[in-house]
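Yeah, the sequence shown ends on 134 if you go by full-length UniProt numbering, and it's all consecutive.
Taking it in order: structure first as structure tokens, then the write-up.
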Amino acid sequence: MHRVGAGGRGRRAARGATSSPYVRGPGGSLVAVRGATSAPVGAVVCASGPVSGWRCGVVQAKNVTVTFPGGTMHGLTRASLCSAPGDAGGPVMAGDQAQGVVVGASGNCASGGTTYFSPVVPTLSAYGLVLHTA
């Protein structure tokens with residue numbers, strides 16, 4: 001089990017930075033974010049990361065607790081997609097619906113893997129943020 005980067009804390013935007021209602025999809029294409037309806041267990045989700053690129057898998061479980069070397073995180077979603085060190089903070093999507101932010105993984109992209117992500121709606125609520133949609 002490894003965290004894949006920032007440990008789910010995200011990255012701070014540079015002063016004067018603006019948000020975009022798009023995420024990087026397959027081949028660098030832009031995928032519009034149109035909402036944050038939660039995908040059920042069994043649904044296909046895709047994540048975008050600077051190391052692993054765009055990859056897809058299936059939601060396996062929700063409200064999962066995972067202990068990483070740096071501590072325990074609760075309320076995560078587990079999906080059957082791979083993530084590599086450096087992919088933390090990457091978006092997870094189900095079609096055009098934002099699902100969450102990658103926080104950790106196990107396995108590897110050569111033989112499969114499991115990714116854990118923090119669901120987007122509770123994260124936005126916890127910090128008083130609003131999802132920017134297209």
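Positions of the beta carbon are idealized from the N, C-alpha and C atoms, including for glycine.
Using only the alpha-carbon positions, how far apart do residue i and residue j sit?
i: residue 10; j: residue 40; result: Model confidence at residue 10 stands at a pLDDT of 43, short of 50, so the residue's coordinates are unreliable; what they give is reported in the following sentence. So the alpha carbons of these two residues sit roughly 24 Å apart.
i: residue 134; j: residue 112; result: 32 Å
i: residue 27; j: residue 90; result: 16 Å
i: residue 125; j: residue 131; result: 10 Å
i: residue 55; j: residue 82; result: 7 Å
Mind checking whether the beta-carbon of residue i lies closer than 7 Å to any heavy atom of the ligand MG?
i: residue 49; result: Judged by which ligands are present, the structure shown has none, so any question about the ligand MG falls away.
By Cβ distance, which residues of its chain are closer than 6 Å to residue i, with the 5 residues on each side in sequence left out?
i: residue 96; result: 32, 34
Can you list, in chain order, the residues of its chain whose CB lies under 8 Å from that of residue i, leaving out five sequence neighbours each side?
i: residue 61; result: 41, 77, 78
By DSSP, does residue i sit in helix, in strand, or in coil?
i: residue 114; result: strand
i: residue 123; result: helix
i: residue 90; result: coil
i: residue 27; result: helix
Can you tell me the Cβ-Cβ gap for residue i and residue j, rounded? I've got them flagged as a contact below 8 Å.
i: residue 120; j: residue 98; result: 5 Å
Residue j and residue i - do their beta-carbons sit closer together than 8 Å?
i: residue 123; j: residue 101; result: yes
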